[in-house]
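Since the structure comes first, as structure tokens, the remarks are kept for the end.
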């Protein structure tokens, strides 16, 4: 970013999200998912995967933006969305991954 420089003492890690299909994305995000898909490609309904990359990019999660913030959606079952527990598990796995010595020694 030209306007805001990275701080040298900060390690930047990022993830993105993409459900891979409008049919698998929360209906509330459908208009923005379709718009971003046509302009920037893969996205979580609010942020494109390309825009989510900052520092070391860990992975693209199979979640839309509302799933990533674990917003309680009564219709999660319709799109096969991850459950509340699945979301917590995904973040726990990410946290465990970045605390492994192999992550810091370049093993990932």
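Numbering (this note's numbering), first residue to last: 59 to 166. By construction, the Cβ of each residue, glycine as well, lies at the ideal position given by its N, Cα and C atoms.
With DSSP collapsed to three states, give me the class of residue i.
{"i": "residue 83", "result": "coil"}
{"i": "residue 166", "result": "Below a pLDDT of 50, predicted positions are generally treated as unreliable, and residue 166, at 49, falls in that range; the measurement from the model is reported next regardless. Correct three-state label for residue 166: coil."}
{"i": "residue 101", "result": "strand"}
Let me check understanding here. Comparing Cα to Cα, which of the options lies closest to residue i?
{"i": "residue 79", "options": "89, 70, 72 and 60", "result": "89"}
{"i": "residue 150", "options": "76, 126 and 67", "result": "126"}
{"i": "residue 87", "options": "77, 73 and 103", "result": "103"}
{"i": "residue 111", "options": "157, 73 and 143", "result": "73"}
{"i": "residue 129", "options": "118, 120 and 142", "result": "142"}
My understanding is that residue i touches residue j, with C-beta atoms under 8 Å, so please give their C-beta distance in whole angstroms.
{"i": "residue 219", "j": "residue 71", "result": "Residue coverage of the chain in this structure runs from 59 to 166, which leaves residue 219 outside it and unanswerable."}
{"i": "residue 101", "j": "residue 76", "result": "6 Å"}
{"i": "residue 99", "j": "residue 107", "result": "7 Å"}
{"i": "residue 116", "j": "residue 124", "result": "Residue 116 to residue 124, Cβ: 20 Å. No contact."}
{"i": "residue 122", "j": "residue 84", "result": "5 Å"}
Span of the beta strand (DSSP E) holding residue i?
{"i": "residue 115", "result": "114 to 119"}
{"i": "residue 68", "result": "That residue, residue 68, is in no beta strand (DSSP E); it is neither H nor E in DSSP."}
Going by DSSP, what residue range makes up the alpha helix (DSSP H) through residue i?
{"i": "residue 109", "result": "107 to 110"}
{"i": "residue 123", "result": "123 to 126"}
{"i": "residue 144", "result": "142 to 157"}
Does the region 138 to 154 come close enough to the region 93 to 101 to have 3 or more Cβ pairs within less than 8 Å? no
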